[in-house]
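Numbering (this note's numbering), first residue to last: 427 to 872.
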């Protein structure tokens, strides 16, 4: 099939590459000419395991192309995927300007039937607004061309997006037109072979399903972080509690890891947007507000522990940071816990020496050159001259360091583990104080 993807960001590139991988002819369109030039030159603007190779493979095969020509995009595909950004507006609601701008372009340029697919994460009712925008442009043109608008939300985890798209848990299609549902079923057939994962529902239910899924996962994280603070206050160990409750199959182990808060482009934005959607229809979503408030507070926990350890005297201190991305296997630093920690440390007069396997360039893009931020070539180099180590992202390579070397490099032998990824006994046996989430400080045994 011929497909057009509007938006060559995270969702658009993964969607376009994966749909091309199974034989479709995909044209990715973006108004950012620099991004299109980069993609046409063989570059990829984001880090996602397996994506660069898939883009190169399908571009070479002639199944995947990139353009800034909007009209060409509308002409190309029967399916018109809208995969542009929906950043939070000033009040926390989703900003639909880019989505509606694409809808206007489609309405102005289409000359035959099109299926417009909302792939971006959008509030309930967005499909109605896209439909109204296209109809308004048709009225202005004096034409009446048939089209359908479909909700087809993405469920991609950054760092595992290719796997999620190629082997999905579910494919949600929101449409009121049975013929359109069958066309989407044919499009997704290559990803749907072992058993039927495609679920057809009404459009508004499909739109809400995406927000509901992310809100539930964010709720589990915030609830576990709330428990971790209670555990520490009463002298319990949250890691033992986690194992105890996770063994219940009704709860399970996923998303119950305590830490220093969630980040990224989805959970913070989607929880806020769903809460604002509820407010707009007169419902007070207290639980969603609490999830957001707990997460905001949790991002200060590491700084509070560091400040307490040094009795508030952080001026002139150097803190080594392992991990800058909001999660492993991505360079995305949107709403990352590392950003809050660094900014609090700088406010207190401390300096930061940081390392991340892939997010160093993004860090420099955000913060530029500054005397209180040094980016090291490797994790051990980040420890040079540091008074303490803070682990903020649970990259695999941070899980088993040489603790003797860590102790030798640190001015003060103390590790603040914001993700509870280290073995406390190994840390303390090496003569290092271990301060983590949801349990009291653990000191070396002499």
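In this text, a Cβ means the ideal position worked out from N, Cα and C, and glycines have one as well.
Just to confirm the assignment, what range does the alpha helix (DSSP H) spanning residue 693 have? 693-706
Taking the CB atoms as reference points, tell me whether residue 647 and residue 617 lie closer together than 8 Å. no
Quick check: the Cα distance between residue 766 and residue 779, rounded to an integer number of angstroms? 15 Å
Tell me whether residue 506 sits in a helix, a strand or coil according to DSSP, three-state version. strand
What span of residues does the alpha helix (DSSP H) with residue 670 cover, start to end? 664-672
Quick one: any contact between the segment 632-645 and the segment 841-853, if contact means 3 or more CB pairs under 8 Å? no
Hey, residue 885 and residue 686: beta-carbon distance below 8 Å or not? Outside the shown range of the chain, which is 427 to 872, sits residue 885, and nothing can be said about it.
So residue 803 is in the alpha helix (DSSP H); what residue range does that whole segment cover? From DSSP, residue 803 is part of no alpha helix (DSSP H); its letter is neither H nor E.
For residue 661, tell me which candidate among 867, 443, 440, 427 has the shortest Cα-Cα distance. 867
Chain-order list of residues whose beta-carbon lies under 6 Å from that of residue 861 (same chain, five-residue window excluded): 731, 842, 867
Beta-bridge pairing of residue 557 - partner residues as DSSP gives them: According to DSSP, which records beta bridges pairwise, residue 557 is partnered with nothing at all.
Which listed residue (798, 757, 839) has its alpha carbon closest to that of residue 771: 798
Unbroken stretches of the alpha helix (DSSP H), 4 residues or longer, contained in the segment 493-538: 496-502, 523-535
With three or more beta-carbon pairs closer than 8 Å as the criterion, would you say the segment 710-729 touches the segment 785-799? no
Closer than 8 Å by C-beta to residue 592: which residues in its own chain qualify, once you throw out the five before and the five after it? Chain order, please. 444, 447, 617
Less than 8 Å between CB atoms is the rule here; does residue 796 satisfy it with respect to chain B? Within the model displayed, chain B is absent; a lone protein chain is all it includes.
Inter-residue Cα distance where the pair is residue 877 and residue 473: Since the displayed the chain opens at 427 and closes at 872, residue 877 lies outside it and no answer follows.
Segment limits, beta strand (DSSP E) that includes residue 842: 840-843
According to DSSP, residue 861 sits in a beta bridge with which residue or residues? 842
Which runs of the beta strand (DSSP E) at least 3 residues long sit entirely within the segment 701-785? Give them in chain order. 744-748, 777-781
Closest to residue 550 by CA distance: which of 703, 454, 801 is it? 703
If you measure between the beta carbons of residue 506 and residue 532, is that distance less than 8 Å? yes
Using 10 angstroms around the beta-carbon of residue 502, count the other beta-carbons present and answer buried if the total reaches 16, otherwise exposed. buried
Nearest-angstrom Cα distance between residue 578 and residue 741? 51 Å
Which residue from 783, 467, 499, 777 puts its Cα closest to that of residue 814? 777
Please classify residue 664 as buried or exposed, where buried requires at least 16 other C-beta atoms within 10 Å of its C-beta. buried
Closer than 8 Å is the cut-off here; do at least three beta carbon pairs connect the segment 481-493 with the segment 449-456? yes
Which two residues bound the contiguous beta strand (DSSP E) that contains residue 815? 814-817
Using a Cβ-Cβ cutoff of less than 8 Å, which residues in the same chain neighbour residue 483 once the five nearest sequence positions on both sides are dropped? 447
Assuming the contact rule is C-beta atoms closer than 8 Å, residue 442 and residue 511 should be a hit. Round their C-beta distance to whole Å, please. About 15 Å; that fails the 8 Å criterion.
Beta carbon of residue 597, beta carbon of residue 645: below 8 Å? no
Cβ of residue 785 within 8 Å of Cβ of residue 768? no
Just the C-alpha distance for residue 844 and residue 668, rounded to the nearest angstrom, thanks. 16 Å
Please determine, among 650, 525, 659, the residue with the shortest C-alpha to C-alpha distance to residue 865. 659
List the endpoints of the continuous beta strand (DSSP E) containing residue 592. Segment 587-592 is the alpha helix (DSSP H) holding residue 592; no beta strand (DSSP E) there.
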